[in-house]
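Here's the structure we're looking at; comments come further down.
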Amino acid sequence: MKMKKHSKIAASLALTGILVLPAAVSAKTIPLNVSDSQSYNTSGTILKTSDSRLSKVSKERGPANPHYKMNVSYDSSKHQVTGSLNVAFENNLKIDLDELYFNLWGNADMFTENGGGMEVSNIKVNGQEATYKTNGTALHITGISVKKAAHSDVSMDFTVTLPNQQDRFGWYKNTVSLGNWFPILSVYDNEGWNVDPYYNYGESFYSLTGDFDVTVTTEKNQIIAATGTEIGEAKITDNLATHRYKAHDVRDFAMQMDPGYHVKSANVNNTKINVYYTNEQAKYADSMLESGIDSVSLFSEKFGEYPWPELDITGMEGWFGGMEYPQLVMISIPSSSPRSQNWVKSVTAHEIGHQWFYGIIGDNEYDEPWLDESFASFSAALYDETLDQLTSQPANNTYYHLSSPVSAFTAKANEGGISYYYGMIYGYGSRTLNDLRLELGDEQFYQSMQAYFKEMKFGVSTTADFMRVMQETSGKDLSSFFESHRVFVSDQE
Ligand SMILES: [Zn+2]
Numbered sequence: 003m004k005m006k007k008h009s010k011i012a013a014s015l016a017l018t019g020i021l022v023l024p025a026a027v028s029a030k031t032i033p034l035n036v037s038d039s040q041s042y043n044t045s046g047t048i049l050k051t052s053d054s055r056l057s058k059v060s061k062e063r064g065p066a067n068p069h070y071k072m073n074v075s076y077d078s079s080k081h082q083v084t085g086s087l088n089v090a091f092e093n094n095l096k097i098d099l100d101e102l103y104f105n106l107w108g109n110a111d112m113f114t115e116n117g118g119g120m121e122v123s124n125i126k127v128n129g130q131e132a133t134y135k136t137n138g139t140a141l142h143i144t145g146i147s148v149k150k151a152a153h154s155d156v157s158m159d160f161t162v163t164l165p166n167q168q169d170r171f172g173w174y175k176n177t178v179s180l181g182n183w184f185p186i187l188s189v190y191d192n193e194g195w196n197v198d199p200y201y202n203y204g205e206s207f208y209s210l211t212g213d214f215d216v217t218v219t220t221e222k223n224q225i226i227a228a229t230g231t232e233i234g235e236a237k238i239t240d241n242l243a244t245h246r247y248k249a250h251d252v253r254d255f256a257m258q259m260d261p262g263y264h265v266k267s268a269n270v271n272n273t274k275i276n277v278y279y280t281n282e283q284a285k286y287a288d289s290m291l292e293s294g295i296d297s298v299s300l301f302s303e304k305f306g307e308y309p310w311p312e313l314d315i316t317g318m319e320g321w322f323g324g325m326e327y328p329q330l331v332m333i334s335i336p337s338s339s340p341r342s343q344n345w346v347k348s349v350t351a352h353e354i355g356h357q358w359f360y361g362i363i364g365d366n367e368y369d370e371p372w373l374d375e376s377f378a379s380f381s382a383a384l385y386d387e388t389l390d391q392l393t394s395q396p397a398n399n400t401y402y403h404l405s406s407p408v409s410a411f412t413a414k415a416n417e418g419g420i421s422y423y424y425g426m427i428y429g430y431g432s433r434t435l436n437d438l439r440l441e442l443g444d445e446q447f448y449q450s451m452q453a454y455f456k457e458m459k460f461g462v463s464t465t466a467d468f469m470r471v472m473q474e475t476s477g478k479d480l481s482s483f484f485e486s487h488r489v490f491v492s493d494q495e
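Numbering of the sequence shown is given in this note's numbering, commencing with residue 3 and proceeding in unit increments.
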């Protein structure tokens, strides 16, 4: 996600403390066995090249290879999605599981306060009825047996009511934004189940890549942008149309629709780029398309080739700058506050940067937000040709690290924590990556980034992984570089 203001402006606002925090910013935690950052260590740990935590040990994460099959209907008069899902997966963990978690992001307070929410029913695991309980954004399924090294599947019915909200999840005017809208399997890793609280000012999303097969029935006049590729022609019955989409190697599935959308497309390398825009957004359509073409081409060259056949760039009216999903980015162009063409191009580049950093190279966005936001901000500056302007200073308060989890910032929300989040994770993080580029030189830096891409493609990276790949590929001991830039592996423990 791109913050509300341009990064440079927000960073300076953060320093002067002008950024006003809505009351909704409070650190809410779900009392589960979530250990994300309860032991957040403000002292940091200096890493030497010889540190065993920098050795290549693949972290255990599962369940693996989820295959989602969904069949849903969207009724715009009720602003409601109803339907069913089945997710098949492999228990690649070393243990049998007697419980599973899903995230129900639509149950976050800011959505339920505006009439939104999610309900699930009829949950079956391997065909057997399961016991379950929802607690806010967490769905806990128990009374099951999911054997290790075996395939299992979960099926359920669900209803999603969209809030009337200018957000990544919600409806506003005729635009329907379906980000984080369906029950998504949580990740079990060395920390246990990751069921972190929703974070309005960034992301707490964490999921593994898999395949999606999604059938959507809605009014036939809706123009739909979606993750994946539409299979065949829509089937029309009276006033309704049924569309089917398939996506491969993606960690989420988003949609955005509006009956007033126009579409402009172009091809770059092996990818078709589609821009969806309303009449009001028409004057920005060429900027979105131009940035789409140039960003995909530039980031493919510098980091590694864009792997998916389609990318949708959608105009919408959000309170923020933009939002990233696999193969779909939302660009916020409110009719009430005009954007400059350069702003639209830069935000589009930032969100497309996330295709690489979040989409292809995944991360736990709640525990290590810098792994996607700092990298997307660096990508936008690379596109803007403003790398030499990345000069943000780190937070004057040394409590904040570049590798701090989101909870370190929300815990101090009343003391400017969210401003520090933007200043560090967007501002100082992109500056740090540029400092690393200057330290290694362009050729070595991008070679190392390509090695990082190759190793982490469709997987999940950590701060330790990034440090290791940079050191191994450059042959340099970067421990003092990372220490002086407040990048510490201990922050995630
Ligand atoms: Zn972002």
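Glycine included, every Cβ here is placed at the ideal spot set by N, Cα and C.
| Check | Outcome |
| --- | --- |
| How is residue 246 classed by DSSP in three states: helix, strand or coil? | strand |
| Report the start-end ranges of each alpha helix (DSSP H) in the stretch 338 to 386 that is 4 residues or longer and not cut off at the edges. | 343 to 358, 372 to 386 |
| Closest to residue 486 by C-alpha separation, out of 346, 251, 357, 402, would be which residue? | 402 |
| If the criterion is Cβ atoms closer than 7 angstroms, does the pair residue 92 and residue 66 meet it? | yes |
| Using DSSP with H/G/I as helix, E/B as strand and the rest coil, what is residue 63? | strand |
| Less than 7 angstroms between the beta carbons of residue 229 and residue 330, yes or no? | yes |
| Rounded to whole angstroms, what is the Cα-Cα separation between residue 404 and residue 183? | 30 angstroms |
| Take residue 522 as the anchor and find which of 222, 343, 384, 233 has the nearest alpha-carbon. | The structure shown has nothing for residue 522, since the chain only spans 3 to 495. |
| Check the DSSP bridge columns for residue 172 and list the partner residues they point to. | 179 |
| Should residue 375 be counted as a contact of ligand 1 given a C-beta to heavy atom distance under 6 angstroms? | yes |
| Do you know offhand how far residue 173's Cα is from residue 165's? | 6 angstroms |
| Taking its Cβ as the centre, do 16 or more other Cβ atoms sit within 10 Å of residue 353, making it buried, or is it exposed? | buried |
| Which residue marks the beginning of the beta strand (DSSP E) containing residue 228, and which one marks its end? | 225 to 228 |
| DSSP state of residue 23, grouped into three classes? | Reliability fails at residue 23, whose pLDDT of 28 lies under 50, so the model's placement of it is uncertain and the value that follows must be treated cautiously. In this structure, residue 23 counts as coil in the three-state DSSP scheme. |
| Looking at residue 94 and residue 64, is the spacing between their C-beta atoms short of 7 angstroms? | yes |
| Consult DSSP for residue 195 and reduce its assignment to one of helix, strand or coil. | strand |
| The alpha helix (DSSP H) spanning residue 463 covers which residue range? | No alpha helix (DSSP H) contains residue 463, which DSSP labels as neither H nor E. |
| Go to residue 295, then tell me how far its alpha helix (DSSP H) extends in each direction, as first and last residue. | 287 to 304 |
| Span of the alpha helix (DSSP H) holding residue 434? | 431 to 442 |
| Let me check understanding here. Comparing Cα to Cα, which of 310, 256, 345, 305 lies closest to residue 322? | 345 |
| Leaving out the 5 sequence neighbours to the left and right, which residues in its chain are closer than 6 angstroms to residue 310 when beta-carbon positions are compared? | 329 |
| Hey, how far is the Cα of residue 34 from the Cα of residue 167? | Since pLDDT at residue 34 reaches only 31, below the 50 mark, its modelled position is unreliable, and the value read off the structure follows with that caveat. Approximately 29 angstroms between the Cα atoms of the pair. |
| Shorter than 7 angstroms from the beta carbon of residue 110 to some beta carbon of chain B? | Annotation note: the requested chain B is absent from the structure, which comprises a single protein chain. |
| Is residue 3 a contact residue of ligand 1, with contact defined as CB to any heavy atom under 6 angstroms? | yes |
| With residue 217 and residue 72 assumed to form a contact (beta carbons below 8 angstroms), what rounded beta-carbon distance in angstroms separates them? | 7 angstroms |
| Take the Cβ of residue 115 as the centre, count every other Cβ of all protein chains shown within 10 Å, and call the residue buried at 16 or more, exposed below. | exposed |
| What does DSSP give as the partner residue(s) for residue 134 in the beta ladder? | 143 |
| Taking the alpha-carbon of residue 214 as reference, which of 207, 196, 254, 245 has the nearest alpha-carbon? | 254 |
| Give the range of the alpha helix (DSSP H) segment to which residue 91 is assigned. | Careful: residue 91 lies outside any alpha helix (DSSP H), inside the beta strand (DSSP E) at 82 to 92. |
| Count the other C-beta atoms from every protein chain shown that fall within 10 angstroms of the C-beta of residue 4, then say buried if there are 16 or more, exposed otherwise. | buried |
| Report yes if the CB atom of residue 122 is closer than 7 angstroms to the CB atom of residue 158, and no otherwise. | yes |
| Give the straight-line distance between the Cα atoms of residue 207 and residue 444, rounded to the nearest whole angstrom. | 32 angstroms |
| Helix, strand or coil for residue 329, going by three-state DSSP, please let me know. | coil |
| Across which residues does DSSP place residue 487 in a beta bridge pair? | None; residue 487 has no bridge partner. |
| Determine the contact status of residue 460 and residue 305, defining contact as a CB-CB distance below 7 angstroms. | no |
| Is the stretch 349 to 367 in contact with the stretch 461 to 470, if contact means three or more CB pairs nearer than 8 angstroms? | yes |
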